[in-house]
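Have a look at the structure below before the remarks.
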Amino acid sequence: MTAPASARPVAETEIKRLEREQAEIVSIYRRLFPDDDLEIVFWQCDSPVWSAPSVRDGRMTFHPHHLSPEYLGRLRLSSGQAGARFRTINISIPRAPTPGEVRNADAPWQPVRRLGPLFNAWPMAYEHIRYQAEMRRKRLCRQRHSHQSLARGAGSVALPPPDEGGPDTSRRPAILIGFHWLEVGGAEKLAFDCVDWALAAGLRVIVVASVPSLQRLADRLPDHPDVSFIRLDRYLAHDLWPQFIERLARAENIRLIHVHHCVPLYAALAHLRVTAPWLKVVDSTHIVEHPDGGYPRVSGVWSNYIDHHHVISRELVDYYRDVFHVMHKVVLGRMLPRADQLELPALNMKPGQKQLRVAFIGRMYYQKRPVVMVETLRALARWAGRNGIEFKATVVGEGPFADTVAGLVKRRGLADQVTLEAANADIPGLLGNSDILLLPSNNEGLALVCYEAIQHGCIPLSTDVGSQAELVPPDLLLRLEPFGSVRDAVSAVDRLWRDPGFLARQQTELHERFRHIASDPTAEDILMPIYRAAAEGETA
Amino acid sequence: MTALTTTAAVIVTFNRSDKLMRVLDALDQQTQKPDLVFVVDNASTDDTQALVQTRAAQMPSLRYVRLPKNVGGAGGFHEGMKVAYAAGANYLWISDDDAYPQPDALERLLDAIQQFEAENVWRPSFACSRVEWIDGSLCEMNTPRPVWDWARFVQPGKAWALVDSCSFVSVLVPRWAIEKHGLPISDYFIWFDDAEYTRRLAKSYPGIFVPESRVIHDTPENKGVNYSLVTSKSLWKFKYGARNETSFRSREQGLVGVLSFAWGVRAQMKAGNVPWSIRRQIYQAILRGWSFRPAIPKAPAG
Numbered sequence: 001m002t003a004p005a006s007a008r009p010v011a012e013t014e015i016k017r018l019e020r021e022q023a024e025i026v027s028i029y030r031r032l033f034p035d036d037d038l039e040i041v042f043w044q045c046d047s048p049v050w051s052a053p054s055v056r057d058g059r060m061t062f063h064p065h066h067l068s069p070e071y072l073g074r075l076r077l078s079s080g081q082a083g084a085r086f087r088t089i090n091i092s093i094p095r096a097p098t099p100g101e102v103r104n105a106d107a108p109w110q111p112v113r114r115l116g117p118l119f120n121a122w123p124m125a126y127e128h129i130r131y132q133a134e135m136r137r138k139r140l141c142r143q144r145h146s147h148q149s150l151a152r153g154a155g156s157v158a159l160p161p162p163d164e165g166g167p168d169t170s171r172r173p174a175i176l177i178g179f180h181w182l183e184v185g186g187a188e189k190l191a192f193d194c195v196d197w198a199l200a201a202g203l204r205v206i207v208v209a210s211v212p213s214l215q216r217l218a219d220r221l222p223d224h225p226d227v228s229f230i231r232l233d234r235y236l237a238h239d240l241w242p243q244f245i246e247r248l249a250r251a252e253n254i255r256l257i258h259v260h261h262c263v264p265l266y267a268a269l270a271h272l273r274v275t276a277p278w279l280k281v282v283d284s285t286h287i288v289e290h291p292d293g294g295y296p297r298v299s300g301v302w303s304n305y306i307d308h309h310h311v312i313s314r315e316l317v318d319y320y321r322d323v324f325h326v327m328h329k330v331v332l333g334r335m336l337p338r339a340d341q342l343e344l345p346a347l348n349m350k351p352g353q354k355q356l357r358v359a360f361i362g363r364m365y366y367q368k369r370p371v372v373m374v375e376t377l378r379a380l381a382r383w384a385g386r387n388g389i390e391f392k393a394t395v396v397g398e399g400p401f402a403d404t405v406a407g408l409v410k411r412r413g414l415a416d417q418v419t420l421e422a423a424n425a426d427i428p429g430l431l432g433n434s435d436i437l438l439l440p441s442n443n444e445g446l447a448l449v450c451y452e453a454i455q456h457g458c459i460p461l462s463t464d465v466g467s468q469a470e471l472v473p474p475d476l477l478l479r480l481e482p483f484g485s486v487r488d489a490v491s492a493v494d495r496l497w498r499d500p501g502f503l504a505r506q507q508t509e510l511h512e513r514f515r516h517i518a519s520d521p522t523a524e525d526i527l528m529p530i531y532r533a534a535a536e537g538e539t540a
Numbered sequence: 001m002t003a004l005t006t007t008a009a010v011i012v013t014f015n016r017s018d019k020l021m022r023v024l025d026a027l028d029q030q031t032q033k034p035d036l037v038f039v040v041d042n043a044s045t046d047d048t049q050a051l052v053q054t055r056a057a058q059m060p061s062l063r064y065v066r067l068p069k070n071v072g073g074a075g076g077f078h079e080g081m082k083v084a085y086a087a088g089a090n091y092l093w094i095s096d097d098d099a100y101p102q103p104d105a106l107e108r109l110l111d112a113i114q115q116f117e118a119e120n121v122w123r124p125s126f127a128c129s130r131v132e133w134i135d136g137s138l139c140e141m142n143t144p145r146p147v148w149d150w151a152r153f154v155q156p157g158k159a160w161a162l163v164d165s166c167s168f169v170s171v172l173v174p175r176w177a178i179e180k181h182g183l184p185i186s187d188y189f190i191w192f193d194d195a196e197y198t199r200r201l202a203k204s205y206p207g208i209f210v211p212e213s214r215v216i217h218d219t220p221e222n223k224g225v226n227y228s229l230v231t232s233k234s235l236w237k238f239k240y241g242a243r244n245e246t247s248f249r250s251r252e253q254g255l256v257g258v259l260s261f262a263w264g265v266r267a268q269m270k271a272g273n274v275p276w277s278i279r280r281q282i283y284q285a286i287l288r289g290w291s292f293r294p295a296i297p298k299a300p301a302g
């Protein structure tokens, strides 16, 4: 008698993978419902990132759709208490990602279907339409999204709050750092730095992320016994975060929460303010997005529940003041290394030189407007040709627009003049050998790459977005409108090349602005005292 | 890689009850048996129904799907896969009523597709057996088509070449691939339904050829599909083949693909000295294929 295929032994690697996933799930739900009897029902799902969890009171009545082909089995966890409440947790175990999914976080970009022919015929016309759509969304942003800070009632003195107890002070104080996700990005870079600073301040660090993803950079978290990453992004629905964080804060002696673009942590703040009053909350924000205000708007809406707003640019200081009327708790901390010994080199570009070297460094997302970048390179190549100058450009970056950029470079006949490089290219070396850094972005906070460019003698040409005007002089700022952006770039390069006085003035202005910004406190300067205060909380 | 391996075999039959019984014998002797066996009867007029009913008494996994009319191999596989998918199989094992799998054929397919995923992480969209003719030689009409980098994961003892197309003779399809890419096109009726379907599946990732899983295909003769071989007797099948492949090429490659196919057919017929009356009908089938746009059927909703 032979066995059916369904009774095949399961491979050891698969069993181990299921056990690992199961252990993480059990750990999260046991902490969330410590006094309840739990039944966890498992399915297999075709998503590599999300487990689609749901929780219900009582026992589940099984129906045929529950016993689907993906049904894996059940696990019963007793609380050990008679008469305990019973809960059922339905959860799917994500599959292992394929190498393609690991390599590419996003599918290659495609133009909007109906406008595909337009993009093929005239990419800049397509860009112009998209720009107009963005600007319309920006205009409507205030109507479509609340820009009012949520009220926070303090209650009446006639009804003093019950004693909520405190955290478990037998453990060293901890910080909860909420990431958007553990993938490549500016906000994520700061969040990773914060993990290091928190450790240095003596805190234990617990990391969570809001967006389910492969969390490709999770291995960049320090391999340290005081650092742990809880996969709430994968296993816990956002509506259950508040209670989970409350229990976590009690058990782990969390003293401080630092929010880096982590929406469910913002949404947990009202509950935490009531049930975990010892907690301090700080958040960091970077860019005011055109369509909905982005995270600075979310932060402003939750401002009454937050102790400190850390921002990276003066634009954001102004934003909190002008939109949310908040000043006293907004602190500027630049994303720059300390500038103790600041020596800035002369610009690489010389008037009338016989070659022009242009660099573009950025992730290949629409935010960086790679299509406008290629069209600008094309215009600069023509300008160089007219003036008998050798033109070379290097484009560094990866992302969904990478294929589009490579295709456009070929189509525009720039393949011999433009080199495409991966994101791990030698950036300081490239900037040290470039005259111009092109940054025709749709939006920016204050792009770090512009600081780096100036430190290597490279002139940044940037659109006038975000706080770029703090660093880039007015004559080097480009219009945001795509056609205007291309024309402004050519015109600025032409003037820099022809007019030695203009070039010298830009150098002076760039250096002055850089020094001015470098004299501001850094993010580390701002955050470390807050972290240290939290670390001392155990004896307070 | 999955911990769930419920497997359903789908066998399409038409008036070949004696061979079908041998196929059921072979399925029953598998070292890892399919959990369910769906026999899809294309309205046979012989004793197929009676024999299958008798067999069901000893073979509880057997299910009989009788179609009201002969809808061809394509229609039969479409219906059979639809029913097997709805029954909850994690893998579907598709084959013909004249193909006898060796006792470990299914086990080897499951081993290969699972090991391939575990070791290489990629998920093959199907796994197909080596199909041999009755004399042990390779069955010409069931030769899978390799992709350009077919040898990427081939190793001693694991000679699993990457392929993007195979026939419906012992091919194992995971559930996720059906969920993502749908079912075979029943309107094709016969020929090229398997090639179209597996190429559609292979858009996610190619399938794998598993030579250690062997099947004997009991066909009257061992000939491949080549338009130089078309005769007045086989013309009806070639016409379906020409129409279906033209339809596929027009969908996937546009006019250039169709012209390239037509040119290849022309060259083959010329080389085979095919009579002009037959050639004309093949060209007409190609023309019909240009406007033949059957919809791609989705998998039944869970």
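Protein sequence lines, in the order shown, are assigned to chains A and X.
Heads up: the first sequence at position 254 corresponds to 254 in full-length UniProt numbering, and the numbers run straight through without jumps.
Heads up: the second sequence at position 209 corresponds to 209 in full-length UniProt numbering, and the numbers run straight through without jumps.
Even glycine gets a Cβ: it sits at the ideal position worked out from N, Cα and C.
Note that the structure is predicted; figures quoted are calculated from it, not measured.
Residues that residue i contacts on chain A, provided the C-beta gap is smaller than 7 Å
i	result
X/Q281	Per Cβ cutoff of 7 Å: no residues; X/Q281 is ~38 Å from chain A at best.
X/A89	P69
X/W133	Near X/W133 there are no residues of chain A at all, since even the closest Cβ is about 27 Å away, more than 7 Å.
Rounded C-alpha distance that separates residue i from residue j
i	j	result
X/R123	X/G289	33 Å
X/A89	A/P264	38 Å
A/H271	A/A23	27 Å
A/G397	A/L448	15 Å
X/G72	X/V12	9 Å
A/W383	A/F119	24 Å
X/G76	X/D194	12 Å
A/V465	X/P294	50 Å
A/P123	X/G157	51 Å
A/L344	A/E512	10 Å
A/F62	A/I40	13 Å
A/R297	A/R142	10 Å
A/I89	X/D111	33 Å
X/D25	A/I25	45 Å
X/A86	A/P242	40 Å
Within chain X, the residues that residue i reaches when beta carbons sit closer than 7 Å
i	result
A/L240	Ordered by position in chain X, no residue passes the 7 Å Cβ test against A/L240, which lies about 26 Å from the chain.
Helix, strand or coil at residue i [DSSP, three-state]
i	result
A/R139	helix
X/G182	coil
X/N90	coil
A/P9	coil
A/I526	helix
X/N142	helix
A/H224	coil
X/K270	helix
A/R412	coil
A/A209	strand
A/H511	helix
A/L72	strand
A/Q355	strand
X/T48	helix
Residue burial classification, residue i (beta-carbon count within 10 angstroms, cutoff 16)
i	result
A/E375	buried
A/I15	exposed
X/T2	buried
A/L431	buried
Closer than 6 Å: residue i CB and nearest the ligand MN heavy atom
i	result
A/S6	Here there are no bound small molecules, and the ligand MN is not part of this structure.
Proximity below 7 Å, CB of residue i to CB of residue j
i	j	result
X/W148	X/A161	no
A/W109	A/P212	no
A/A5	X/D28	no
X/R214	X/Q102	yes
A/P173	A/L203	yes
A/A534	A/L256	yes
Any chain C beta carbon closer than 7 Å to residue i
i	result
A/S6	In the structure shown, chain C does not exist; the protein chains are A and X.
Proximal chain X residues relative to residue i, where beta-carbon distance stays under 9 Å
i	result
A/T61	By Cβ distance, chain X contributes nothing, its closest Cβ being about 19 Å from A/T61, past 9 Å.
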